[in-house]
Each structure stands twice: as C-alpha cells, then as structure tokens.
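There are 2 protein chains.
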Amino acid sequence: MNHVVHYSPQRLDASFGALADATRRAILERLGRGEASISDLASKFDMTLTGIKKHVQVLEDAGLLTSEKVGRTRTCRLGPRRLEQEMAWITKYRQMLEARLDRLGEFLESTKGDEQ
Amino acid sequence: MNHVVHYSPQRLDASFGALADATRRAILERLGRGEASISDLASKFDMTLTGIKKHVQVLEDAGLLTSEKVGRTRTCRLGPRRLEQEMAWITKYRQMLEARLDRLGEFLESTKGDEQ
Chain A
22 MNHVVHYSPQ RLDASFGALA DATRRAILER LGRGEASISD LASKFDMTLT GIKKHVQVLE
82 DAGLLTSEKV GRTRTCRLGP RRLEQEMAWI TKYRQMLEAR LDRLGEFLES TKGDEQ
Chain B
22 MNHVVHYSPQ RLDASFGALA DATRRAILER LGRGEASISD LASKFDMTLT GIKKHVQVLE
82 DAGLLTSEKV GRTRTCRLGP RRLEQEMAWI TKYRQMLEAR LDRLGEFLES TKGDEQ
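First to last, the sequence lines map onto chains A and B.
Its first residue numbered 22, the first sequence is counted upward by one per residue in the numbering used here.
Its first residue numbered 22, the second sequence is counted upward by one per residue in the numbering used here.
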C-alpha cells in the first residue's frame with residue numbers, strides 16, 4: 022500500500038481499544054461465520070445480556086459491528102469498517118522497526134574490526 | 022502470510038490496548054526516527070516526566086518499546102515485537118468481512134429477478 026492514508030486519531034483509539042479485549046475479538050470471529058442475535062452471543066459466551074450488550078456497543082461505536090433491531094431481536098453483523106488505517110499504521114510501525122534494525126546491523130558491521 | 026499464527030490473547034489485549042492512545046502511537050512514531058530519552062519525550066509531547074513514564078511503561082509491557090537506564094538517563098527504542106499476530110488478526114477480520122459482503126452480493130444478485 023503506497024497511497025497516503027489519513028489517520029483519524031479518534032478512530033484509531035476506538036478501533037484499537039475495541040480490539041483490546043479477547044471477548045470482543047471472539048464476538049467478531051463468531052460474526053465472521055454469520056450474523057447472530059444478542060441472545061445467541063450471550064449464550065455462546067456464557068455472559069449476561071447486559072454484559073454482551075456493552076461489548077456490542079463498543080464494537081458498534083468503533084464501526085466493527087452493525088446491529089439492527091427487528092421486533093424484540095437485535096441482530097449483529099460484521100463491519101462496515103475495513104480497518105485500512107489500522108493495517109496501515111501497523112505496517113508503518115513494522116517498517117520503522119525494520120529500518121532501526123537495519124541501522125543497528127550496519128553499526129555492528131562497521132565496528133566489527135574494532136576488537137582486533 | 023499463509024503460515025499458522027498462534028494468537029496469545031493476553032498479548033493481543035496488551036498490544037491493541039497500548040495502540041489505543043494517540044500519544045502512545047506518537048511516541049512510537051517519534052522512536053521510529055531514532056532513540057529518545059524520557060526527558061526528550063516529555064519535552065516533545067509537553068507532558069510531565071511522570072505522565073510520559075506511564076505511557077512508556079504500557080508500551081514496554083506490550084513489547085513495542087525497550088528502555089535502558091544508563092546513569093540517570095533512560096533511553097527508549099522501538100521494538101522488539103513485530104506485531105505479526107496483530108497483522109494476522111486484522112487480516113483475518115478483513116477476510117471475514119469480504120466473505121460476508123460476497124455472500125450478501127450473491128444473495129442480492131439471486132433476488133434480482135424477484136421484482137419483475
């Protein structure tokens with residue numbers, strides 16, 4: 022990816038924060054296999070409806086989950102965010118780290134003769 | 022990346038949590054340009070030493086920053102973690118989302134004739 026990505030700090034705070042919880046990641050993995058109601062999720066994760074709703078809200082605020090209420094049932098689906106900014110940020114971190122390790126390698130190489 | 026990545030939930034919680042803060046991401050970006058002391062970072066981000074130290078500790082616990090104290094100066098560097106699991110997790114999310122949108126597209130395509 023070489024196109025310029027504009028980072029929205031609030032968006033990255035929300036998405037990385039939403040991903041920083043094993044249950045929330047597991048909810049997304051579950052939705053990857055198909056839509057689920059709040060009660061499906063509560064039963065799968067052995068949590069209260071209130072507990073699941075809190076996680077669903079955090080994921081929805083971060084754009085990783087969409088929910089729709091029909092009658093008394095709220096159905097959850099994955100998306101709509103594609104996490105492009107998050108991928109781009111992590112890719113940049115990795116490039117910075119590689120560059121640092123390259124510089125370190127060159128430095129170590131250049132001092133090799135010093136111990137003779 | 023087609024090799025199997027083993028996810029460590031605690032590790033993903035820590036790294037995504039560490040990345041969920043604009044100042045902490047900015048500290049990492051600063052270290053991408055070269056090492057910095059705690060006081061360098063405090064002055065750059067106009068924060069107290071105590072405030073910066075808290076962020077540095079969170080980043081260090083997540084393996085995104087290494088620090089070394091020589092005399093009275095603590096120097097911070099990027100790494101050592103390469104965020105492979107985090108990249109892999111986000112990649113998987115994106116694949117799940119693509120697959121969901123594909124299924125939705127097929128469904129919409131299959132119902133196209135219904136309105137005639």
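We put the beta carbon where it would ideally sit given N, CA and C, even for glycine.
- In terms of beta-carbon proximity, B:Asp34 lines the interface with chain A, with at least one pair separated by less than 9 Å.
- Between B:Ile59 and B:Leu70, the beta carbon gap of about 6 Å places them in contact (Cβ cut-off 8 Å).
- Across the region 89 to 102 of chain A, CB contacts with chain B closer than 9 Å involve Arg98, Leu99, Gly100, Pro101 and Arg102, in sequence order along the chain.
- In this structure B:Thr96 is not in contact with B:Phe66, their Cβ atoms being roughly 16 Å apart against a cut-off of 8 Å.
- Per DSSP, reduced to three states, the secondary structure at A:Ser58 is strand.
- Put simply, the backbone Cα of B:Gly84 is about 6 Å away from that of B:Pro101.
- When 8 Å is used as the limit between beta carbons, A:Ala63 is near no residue of chain B, the shortest such separation being about 20 Å.
- At least one CB of chain B lies nearer than 9 Å to the CB of A:Thr112.
- The beta carbon of A:Glu107 falls within 9 Å of a beta carbon belonging to chain B, placing the residue at that interface.
- Contact annotation, A:Leu86 with A:Leu49: C-beta distance approximately 7 Å; criterion of less than 8 Å satisfied.
- In summary, A:Ser36 is buried, with 16 or more beta-carbon neighbours lying within 10 Å of its beta-carbon over all protein chains present.
- The three-state secondary structure of B:Leu118, taken from DSSP, is helix.
- Listed along chain B are Phe37, Leu40 and Ala41, each with a C-beta nearer than 7 Å to that of A:Phe37.
- Per the C-alpha coordinates, the member of B:Ser88, B:Arg98, B:Arg46 and B:Asp34 positioned closest to A:Leu33 is B:Arg46.
- For A:Thr94, the secondary structure class from DSSP, reduced to helix, strand or coil, is strand.
- Note on A:Val91: under 16 other CB atoms within 10 angstroms of its CB, so exposed under the neighbour-count rule.
- B:Leu104 counts as buried, since at least 16 other C-beta atoms from the protein chains shown sit within 10 angstroms of its C-beta.
- Note on geometry: alpha-carbon atoms of B:Gln116 and A:Val79 lie some 21 Å from one another.
- Contact between A:Arg121 and B:Arg98 holds, with the beta-carbon distance rounding to 7 Å and staying under 8 Å.
- DSSP places B:Thr112 within a helical segment (H, G or I) once states are collapsed to three.
- Residues of the region 113 to 129 of chain A with a C-beta less than 7 Å from any C-beta of chain B: Tyr114, Arg115, Met117, Leu118 and Arg121, listed in chain order.
- Residue burial annotation: A:Glu127 is exposed, with fewer than 16 other C-beta atoms found within 10 angstroms of its C-beta.
- Bounds of the alpha helix (DSSP H) holding B:Gly72 are Leu70 to Asp82.
- Within chain A, the residues Ile111, Tyr114 and Arg115 have their CB atoms less than 7 Å from the CB of B:Leu104, given in chain order.
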